[in-house]
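Here's the structure, in structure tokens; my notes come after.
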Amino acid sequence: MANSMQAAAYHNEYNVDNEKEIVSHKEDINSSTHDDYECEFTPAEQRKIIHRVDRRLVVTVGVLYCVSLMDRTNLSAASIAGMNKELHLNVLMGTVSRYSVVTLVFFTTYIFFQPPSTVIIRYLGPRIHLSVIVTLWGAVMIGMGFSQDWQSLAALRVVLGILEAGFFPSCVYLMSTWYTRYDIGKRYSVFYILGSLASACAGILAFGLMQLNGREGLTGWRWIFIIEGALTCFLGIGAYWMLVDFPDKAHTSWKFLTEREAKFIINRVDRDRGDAKPEPWNMAKFFKGGLDFKVWCYALIFFNTTTVSYALAYFLPVILQINMGFTVGAAQCLVAPPYAFAAIIMYGCGWAGDKWKVRGLIIVFNMILCLIGLPIMGFAKSPAVRYFGVFLTTAGANSNVPATMSYQANNIRGQWKRAFCSATLVGMGGVGGIAGGLVFRTQDAPTYRPGIYACIATSCFSLLLVAVVSLISIRQNKRADRGEVELEWTEGDQKGFSADISAARNDPGLEAAPHLRTTKTRPFTNPCTRTIGNEQQRCIQFNANQTAAGNLRTRNVHLHAPSTQPPIPNPTITTTAQLRPAEAR
272 MANSMQAAAY HNEYNVDNEK EIVSHKEDIN SSTHDDYECE FTPAEQRKII
322 HRVDRRLVVT VGVLYCVSLM DRTNLSAASI AGMNKELHLN VLMGTVSRYS
372 VVTLVFFTTY IFFQPPSTVI IRYLGPRIHL SVIVTLWGAV MIGMGFSQDW
422 QSLAALRVVL GILEAGFFPS CVYLMSTWYT RYDIGKRYSV FYILGSLASA
472 CAGILAFGLM QLNGREGLTG WRWIFIIEGA LTCFLGIGAY WMLVDFPDKA
522 HTSWKFLTER EAKFIINRVD RDRGDAKPEP WNMAKFFKGG LDFKVWCYAL
572 IFFNTTTVSY ALAYFLPVIL QINMGFTVGA AQCLVAPPYA FAAIIMYGCG
622 WAGDKWKVRG LIIVFNMILC LIGLPIMGFA KSPAVRYFGV FLTTAGANSN
672 VPATMSYQAN NIRGQWKRAF CSATLVGMGG VGGIAGGLVF RTQDAPTYRP
722 GIYACIATSC FSLLLVAVVS LISIRQNKRA DRGEVELEWT EGDQKGFSAD
772 ISAARNDPGL EAAPHLRTTK TRPFTNPCTR TIGNEQQRCI QFNANQTAAG
822 NLRTRNVHLH APSTQPPIPN PTITTTAQLR PAEAR
């Protein structure tokens, strides 16, 4: 008995020492692979690289998004500039006016052609894909300026939907591949802020272009489409040189990053969530993202948000003129201040979300702004007070667009799942555009009460969905803490765990590094594969008293707050690297 106990003790001691050696060896290897490029750059140089990406990527796609929103929503400016009267768009077709039909047909193709766009951009590259579609839809805009009847205008809007369908989801996906989870919120906000400023300036620009009425025999509303379309073509051609490729091919972009600087970006993102490396196309992986219930919750939140934001984009000048009694010129110009205010709120929300690592609370805050602003906008007696309600509603609805994009981007792992989720999210945004185009109907003028009720309902629905996602997230996080399930597992995790260990050891201050779980387990052979929650995961066993174990334990935190779990007394633990996708607040 004594001999057997002594042999068992020796065997256990040998296994622990052997496992320490294996872990140490793996950490040394991955320290060299992950840190070589980072050690080459000082912290100041690293910040300069990231800021260079900001200036080249975020600003370029943001400017293109300006013209995208301008070209998509300038119908409202043209409508009160004489288009409705000249093309007889106020005529009802059943219960829907021709103006609403022209507005809605855009989204029939816009929604249908969005899912393939995130696949196409991977094959063609952002420079070719985005510059071509922007230039082509600029040509379509010029054609709209020469429309002679409402049918030809509607047909061109269908073509415009096909071309613009590839833009927004491609930009969202492209930006998500360049930034870590807690860098992306501010970048999405800046991206959308530029679009909001375009919406703010579009009315003023349209008012100026209206003054060309009669030039070359063309009415003022036609000049709106022609000049803005020509501007779009110019920017689309220039985008070929200014746009950047995905990080793995960024060094080929014109006067951008060197190959080693691009490698630094790739390693930085890879250490954050482990999916920076491009994966080969796999249809099963792409559509597997649809099995995640939370993906559809994010999409529905985005639908609710865009319903309100599109309703304002298409009908705010009309509401200002008919409901509040402003002149055509005043209505065009008064569109600008609410969107400028929305830009301030939008950036503040993006900054706060990244700093305090919250996403759901930001969406709740913005929806509350909408729920305060909509009743004021719809029921206050004074036009000035109703106009104040427009400020709150515009700020809340538009700020939630980048907030929702950040919400889903933080909780998704894997290149093709990320591509699927981006397409789904923006596709539901297109459905929201259809709903927004039907919200404020001609027959409901001048109060538009049914539209106000519909917007209030969608805002309340968003609050409910955020609560559902938060409860699901809390439950999943608790199960993961107990070692019952692996969150956001990918096939890449089966290739080994060492990279995540080295990331935690060598960069303990990296706020957005993949969070690590610890759980008690029986001794096993290292490495091993075990099944938890119908998922296989790779495991490495080592002594808890080892320094690495202590470092790993400190990384076991929620996305929004440090962990308050007591330390595990058992000295033998298993670690599994995984992204905590869920925000519980």
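Quick note: to get the numbering used here, add 271 to the position in the sequence shown (first position is 1).
Cβ coordinates follow ideal geometry from the N, Cα and C atoms, glycine included.
Residues that residue i bridges to, as DSSP identifies them
{"i": "S368", "result": "L363"}
Close Cβ partners of residue i (< 6 Å) along its chain, the five nearest in sequence each way excluded
{"i": "G414", "result": "L427"}
{"i": "A730", "result": "For the record, residue 730 in the displayed sequence is Ser; it is not Ala. So the list reads M638, C641, L642, once near-sequence residues are dropped."}
{"i": "P386", "result": "A694"}
{"i": "L375", "result": "I705, G708"}
{"i": "T713", "result": "S368"}
{"i": "P440", "result": "Q385, S388, T389, S693, A694, V697"}
{"i": "D625", "result": "Y453, G456, K457"}
{"i": "I219", "result": "An answer regarding residue 219 cannot be provided, because it is not within the stretch 272 to 856 covered by the chain."}
Reference residue i; option with closest CA among the options
{"i": "Y569", "options": "L736, T665, V515, L632", "result": "L736"}
{"i": "G312", "options": "I536, G488, M354", "result": "The question names Gly, but residue 312 is Phe in the sequence shown. Checking every option, the nearest Cα to that of F312 belongs to I536."}
{"i": "G437", "options": "G416, S460, R398", "result": "R398"}
{"i": "F384", "options": "L363, S423, L431", "result": "L431"}
{"i": "C604", "options": "A751, G561, A471, R327", "result": "A471"}
{"i": "A425", "options": "W449, I392, F377", "result": "F377"}
{"i": "M341", "options": "S441, N355, F496", "result": "F496"}
{"i": "F558", "options": "F691, S447, D519", "result": "F691"}
{"i": "R458", "options": "A602, A469, T664, M446", "result": "M446"}
{"i": "S402", "options": "Y444, T331, S460", "result": "T331"}
{"i": "F586", "options": "G700, D454, G474, I572", "result": "G474"}
{"i": "V373", "options": "R393, S388, T389, A349", "result": "A349"}
{"i": "A590", "options": "S460, V697, I723", "result": "Rather than Ala, the amino acid found at residue 590 in this sequence is Ile. Nearest C-alpha to I590: I723."}
{"i": "G353", "options": "N484, S423, Y450", "result": "N484"}
{"i": "Y463", "options": "Y618, K688, F636", "result": "Y618"}
Through-space distance from residue j to residue i, alpha-carbon basis
{"i": "L358", "j": "S347", "result": "14 Å"}
{"i": "W627", "j": "D420", "result": "53 Å"}
{"i": "R684", "j": "G456", "result": "16 Å"}
{"i": "H522", "j": "I321", "result": "14 Å"}
{"i": "R493", "j": "S744", "result": "51 Å"}
{"i": "V599", "j": "T529", "result": "52 Å"}
{"i": "S418", "j": "I433", "result": "19 Å"}
{"i": "A674", "j": "G488", "result": "45 Å"}
{"i": "Y336", "j": "R753", "result": "44 Å"}
{"i": "F395", "j": "N361", "result": "The residue you asked about is not Phe; residue 395 is Leu in the sequence shown. Taking the straight line from one Cα to the other gives about 42 Å."}
{"i": "P779", "j": "G545", "result": "For P779, the predicted structure reports a pLDDT of 35, less than 50, and the residue's modelled location is therefore unreliable. A value from the coordinates is still provided. Near 16 Å, if we compare the C-alpha coordinates of G545 and P779."}
{"i": "R318", "j": "I508", "result": "30 Å"}
{"i": "D516", "j": "L583", "result": "34 Å"}
{"i": "V710", "j": "V324", "result": "39 Å"}
{"i": "I351", "j": "Y370", "result": "11 Å"}
{"i": "A510", "j": "R326", "result": "14 Å"}
{"i": "V540", "j": "M364", "result": "52 Å"}
{"i": "R343", "j": "E755", "result": "48 Å"}
{"i": "R452", "j": "T718", "result": "43 Å"}
{"i": "R531", "j": "N575", "result": "42 Å"}
{"i": "I593", "j": "D715", "result": "11 Å"}
{"i": "T380", "j": "R542", "result": "38 Å"}
{"i": "L514", "j": "A738", "result": "38 Å"}
{"i": "T389", "j": "Y444", "result": "7 Å"}
{"i": "M238", "j": "F650", "result": "There is no way to answer for residue 238, as the model of the chain reaches only from 272 to 856."}
{"i": "V661", "j": "L734", "result": "20 Å"}
{"i": "A725", "j": "P588", "result": "19 Å"}
{"i": "A410", "j": "T578", "result": "28 Å"}
{"i": "A601", "j": "A607", "result": "11 Å"}
{"i": "E290", "j": "K565", "result": "Here the model assigns E290 a pLDDT of 43, short of 50, so the residue's position is not dependable, and the following value carries that caveat. Between E290 and K565, the C-alpha separation is close to 38 Å."}
{"i": "K229", "j": "G560", "result": "Since the displayed the chain opens at 272 and closes at 856, residue 229 lies outside it and no answer follows."}
Beta-carbon proximity list for residue i, same chain, < 8 Å, skipping 5 on both sides
{"i": "R486", "result": "W494"}
{"i": "A623", "result": "V629, I633"}
{"i": "K610", "result": "Note that residue 610 is Tyr in the sequence shown, not Lys. For Y610, where only same-chain residues beyond five positions count, the Cβ hits under 8 Å are S467, L468, S470, A471, T665, N669."}
{"i": "R720", "result": "G649"}
7 Å CB neighbourhood of residue i in its chain, flanking five on each side removed
{"i": "I498", "result": "L480"}
{"i": "I727", "result": "L642, L645"}
{"i": "I857", "result": "This structure leaves residue 857 out entirely; the chain is present only between 272 and 856."}
{"i": "M595", "result": "P654, R657, Y658"}
{"i": "W512", "result": "W525"}
{"i": "L476", "result": "none"}
- Task: Give, in chain order, every unbroken run of the alpha helix (DSSP H) that is at least 4 residues long and sits entirely within the stretch 714-754.
- Result: Unbroken alpha helix (DSSP H) stretches of 4 residues or longer found wholly inside the stretch 714-754: 720-752, given in chain order.
- Task: Please list the segments of the alpha helix (DSSP H) lying wholly inside the stretch 522-550, counting only runs of 4 or more residues, in order along the chain.
- Result: Residue ranges of uninterrupted alpha helix (DSSP H) with 4 or more members, entirely inside the stretch 522-550 and ordered along the chain, are 530-544.
- Unbroken stretches of the alpha helix (DSSP H), 4 residues or longer, contained in the stretch 555-611: Entirely contained in the stretch 555-611, the alpha helix (DSSP H) runs reaching 4 residues are, in chain order, 564-593, 599-604.
- Item | Within the stretch 445-512, ranges of the alpha helix (DSSP H) (whole runs, at least 4 residues) | Entirely contained in the stretch 445-512, the alpha helix (DSSP H) runs reaching 4 residues are, in chain order, 455-481.
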